[in-house]
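Asker:
There are 2 protein chains.
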Amino acid sequence: MIKDLISRNRSYRRFDESFVVSTETLRELVDLGRLSPSGANRQPLKYILSNDPENNARIFPALNWAGYLSDWDGPPEGEQPSAYIILLGDNDISQSTGCDHGIAAQSILLGAVEKELGGCMIASIQKGKLREALNLSERYDIVLVIALGKPVETVVIDPIATDGDIKYWRDEQATHHVPKRSLDEIIIE
Amino acid sequence: MIKDLISRNRSYRRFDESFVVSTETLRELVDLGRLSPSGANRQPLKYILSNDPENNARIFPALNWAGYLSDWDGPPEGEQPSAYIILLGDNDISQSTGCDHGIAAQSILLGAVEKELGGCMIASIQKGKLREALNLSERYDIVLVIALGKPVETVVIDPIATDGDIKYWRDEQATHHVPKRSLDEIIIE
Chain B
2 MIKDLISRNR SYRRFDESFV VSTETLRELV DLGRLSPSGA NRQPLKYILS NDPENNARIF
62 PALNWAGYLS DWDGPPEGEQ PSAYIILLGD NDISQSTGCD HGIAAQSILL GAVEKELGGC
122 MIASIQKGKL REALNLSERY DIVLVIALGK PVETVVIDPI ATDGDIKYWR DEQATHHVPK
182 RSLDEIIIE
Chain V
2 MIKDLISRNR SYRRFDESFV VSTETLRELV DLGRLSPSGA NRQPLKYILS NDPENNARIF
62 PALNWAGYLS DWDGPPEGEQ PSAYIILLGD NDISQSTGCD HGIAAQSILL GAVEKELGGC
122 MIASIQKGKL REALNLSERY DIVLVIALGK PVETVVIDPI ATDGDIKYWR DEQATHHVPK
182 RSLDEIIIE
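Protein sequence lines correspond, in order, to chains B and V. All residue numbers for the first sequence refer to my numbering, where the first residue is 2 and numbers rise by one. All residue numbers for the second sequence refer to my numbering, where the first residue is 2 and numbers rise by one.
In structure tokens, the structure reads:
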């Protein structure tokens, strides 16, 4: 059931860093993005894969982690992602990726969950820093980074409290809580 | 296998219009969007559902169909969508939906395919006309329309020809062909 996969696909930010995600796995995941819809079928998305510790260490410092957790600087050593898929917009094809990167990223993460992996779409990126780390040509815009690995945290969905606060938080057992709007709140007609 | 669902999820534009998509089905599909990732967990997406002929007839003329098929004005009567899910951005929550609508729309369409339905994400919308048809408040931006129904066309993926043309086309049997870039073309490192 797709609902099961979508429900299990939470945004994970703590991983067993020793778990290796193979290049073949990353290519299979990108293939799911490739087979997904693209506005006017332009397919402007290009992908950079990383799954070795040296490359990963160059990418990690350019990412901003969990903005609402002000007392947490992101995953410590040992819990950092084992792999990244970096989504680029190819300006030689189109100046905009529309919402193609959202479509492709969801396909990729659902594929990751099916493989007992997990990850997080990260849009809060220090793009200049990452461009430099990747030695990336101006031809490409950085649009999204998907962090991947074997999750070592529990993430649960809660109803939104009466104050309407949507900020995720962690309880004393380090379980990550994500308040989600109800179906009745989001369907307006 | 998620790859099977993603592969079967092609953009369908011709439907058995007599096939009824229930409100319950539409709500189940929106729930898949609800459970999908949202940038900074803001969840600015709101949804309007339509599955009755009168409402559908108000929505249809505001949509632009298959831009590359210059000799086709969109599905004729009898082959129009049975239902629509309209994705809105709630400006009271956020001025931008980021790529949330892409993420949610992919979840919704994968759910539709699992239910033996199909559809098309439509971003080429006459927004003023649709706003008027829906009597929609300025609080909401129209970001995407998902057309849904029981597909009555065959859509196939082809490799891109040597001329690099990505425009979809229909052959003499009315099979819809979609050229997709290869995995080696889209992975740049």
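Where is the CB? At the ideal position from N, CA and C, for every residue including glycine.
Are there 16 or more other CB atoms within 10 angstroms of the CB of B/Y48, so buried, or fewer, so exposed?
Answerer: B/Y48 is buried by the Cβ-count criterion.
Asker: For B/M2, count neighbouring C-beta atoms within 10 Å of its own C-beta (all shown protein chains included) and say buried if the count is 16 or more, exposed if not.
Answerer: So B/M2 counts as exposed.
Asker: Where do the ends of the beta strand (DSSP E) carrying V/A148 lie?
Answerer: Residues Y141 to G150.
Asker: Going by DSSP, which residues form a beta bridge with V/M122?
Answerer: DSSP lists V/I147 as partners of V/M122.
Asker: Label V/R140 either buried or exposed according to how many other C-beta atoms from any shown protein chain fall within 10 Å of its C-beta, with 16 as the threshold for buried.
Answerer: That one is exposed.
Asker: By alpha-carbon positions, which one of B/L6, B/I7 and B/Y13 ends up nearest to B/G119?
Answerer: Among B/L6, B/I7 and B/Y13, the Cα nearest to that of B/G119 belongs to B/Y13.
Asker: Within the 9 Å Cβ cut-off, does B/E25 reach chain C?
Answerer: The question asks about chain C, but that chain is absent: this structure's protein chains are B and V.
Asker: Report the rounded CA-to-CA distance for V/A84 versus B/L64, giving the unit in angstroms.
Answerer: Their backbone Cα atoms lie some 40 Å apart in a straight line.
Asker: Could you tell me which residues DSSP pairs with V/W58 in its beta bridges?
Answerer: Just to set this straight, residue 58 of chain V is Ala in the shown sequence, not Trp. Answer by DSSP bridge pairing: none, since V/A58 is not bridged.
Asker: On a CA-only basis, which of V/W66, V/L50 and V/S95 is nearest V/G40? Give me that one, please.
Answerer: If we check each option's Cα against that of V/G40, V/S95 comes out closest.
Asker: I believe V/I109 touches V/V146 by the beta-carbon criterion, under 8 Å. Please report the beta-carbon distance rounded to the nearest angstrom.
Answerer: Actually they are not in contact, since the Cβ atoms of V/I109 and V/V146 sit about 11 Å apart, beyond 8 Å.
Asker: Starting from V/L118, find everything on chain B with Cβ-Cβ shorter than 8 Å and list it in chain order.
Answerer: The contacting residues do not exist; V/L118 stays about 12 Å from chain B at best.
Asker: Expressed to the nearest angstrom, what Euclidean distance is found between the alpha-carbon atoms of B/E18 and B/N52?
Answerer: Roughly 11 Å separates the two Cα atoms.
Asker: Below 7 Å CB to CB, which residues in the same chain sit around V/A134 once its five sequence neighbours on both sides are set aside?
Answerer: Cβ within range, chain order: R59, I60 and A63.
Asker: With DSSP collapsed to three states, give me the class of V/V156.
Answerer: V/V156: strand per DSSP, three-state reduction.
Asker: For V/K168, which residues in the same chain have their Cβ closer than 6 Å to its Cβ, ignoring the five residues on either side in sequence?
Answerer: Only Y69 meet the Cβ criterion.
Asker: Could you list the residues in the stretch 126–137 of chain B with a C-beta less than 7 Å from some C-beta on chain V, going in chain order?
Answerer: From the stretch 126–137 of chain B, no residue has a Cβ closer than 7 Å to chain V.
Asker: Our contact map puts V/I187 next to B/V31 with C-beta atoms below 8 Å; I'd like the distance itself, whole angstroms only.
Answerer: Their Cβ separation, rounded to whole angstroms, is 7 Å, which keeps V/I187 and B/V31 in contact under 8 Å.
Asker: List the whole-angstrom C-beta distance separating V/G1 from V/F16, where the pair is believed to meet the contact cut-off of C-beta under 8 Å.
Answerer: There is no way to answer for residue 1 of chain V, as the model of chain V reaches only from 2 to 190.
Asker: So what does B/F16 bridge to, in DSSP terms?
Answerer: Paired residue(s): B/P152.
Asker: Output, in sequence order along the chain, the residues in the stretch 14–47 of chain V whose CB is closer than 9 Å to any CB in chain B.
Answerer: Under the 9 Å Cβ criterion, the stretch 14–47 of chain V contributes L27, R28, E29, V31, D32, L33, G34, R35, L36, S37, P38, S39, G40, A41, N42, R43, Q44, L46 and K47.
Asker: DSSP on V/L46, reduced to helix/strand/coil?
Answerer: It is a strand residue.
Asker: Less than 8 Å between C-beta atoms, sequence neighbours within five positions excluded: which residues of the same chain meet that for B/D166?
Answerer: Cβ neighbours of B/D166 beyond the five flanking positions: P180.
Asker: Using a Cβ-Cβ distance cut-off of 9 Å, determine whether B/Y85 contacts chain V.
Answerer: With 9 Å as the cut-off, B/Y85 does not count as an interface residue toward chain V.
Asker: Among B/K4, B/K116, B/S37 and B/R182, which has the Cα closest to the Cα of B/T26?
Answerer: Considering only alpha carbons, the answer is B/K116.
Asker: Identify the residues that DSSP records as bridge partners of V/R171: which are they?
Answerer: Looking at the DSSP assignment, V/R171 forms a beta bridge with V/H177.
Asker: Give the range of the beta strand (DSSP E) segment to which B/G90 is assigned.
Answerer: Segment A84 to D91, the beta strand (DSSP E) holding B/G90.
Asker: Excluding the 5 residues flanking B/P38 on each side, which residues of the same chain have their C-beta closer than 7 Å to its C-beta?
Answerer: The answer, listed in chain order, is I104.
Asker: Could you check whether B/I189 and V/L36 sit closer than 9 Å to each other, using their CB atoms as the reference points?
Answerer: No, they are not a contact pair.
Asker: With distance defined between alpha-carbon atoms, name the residue in B/G79, B/P77 and B/E154 nearest to B/Q174.
Answerer: Nearest option by C-alpha distance: B/E154.
Asker: Counting only C-beta atoms, is B/A58 closer than 9 Å to chain V at any point?
Answerer: Closer than 9 Å: no.
Asker: For B/W73, which option in B/L33, B/R171 and B/C121 has the closest C-alpha, if you only look at C-alpha atoms?
Answerer: Of the candidates B/L33, B/R171 and B/C121, the one whose C-alpha sits nearest the C-alpha of B/W73 is B/R171.
Asker: Tell me the residue span of the alpha helix (DSSP H) that contains V/E133.
Answerer: Its alpha helix (DSSP H) spans residues K128 to L135.
Asker: Give me the chain B residues within the contact set of V/A124, using Cβ-Cβ distance strictly less than 8 Å, ordered along the chain.
Answerer: G40, G99 and C100, listed in chain order.
Asker: Please report the residue range of the alpha helix (DSSP H) in which V/K1 lies.
Answerer: The structure shown does not extend to residue 1 of chain V, since chain V spans only 2 to 190, so no value can be given for it.
Asker: So the candidates are V/L46, V/G75, V/N42 and V/S23; which of them puts its Cα closest to the Cα of V/P54?
Answerer: Among V/L46, V/G75, V/N42 and V/S23, the Cα nearest to that of V/P54 is on V/S23.
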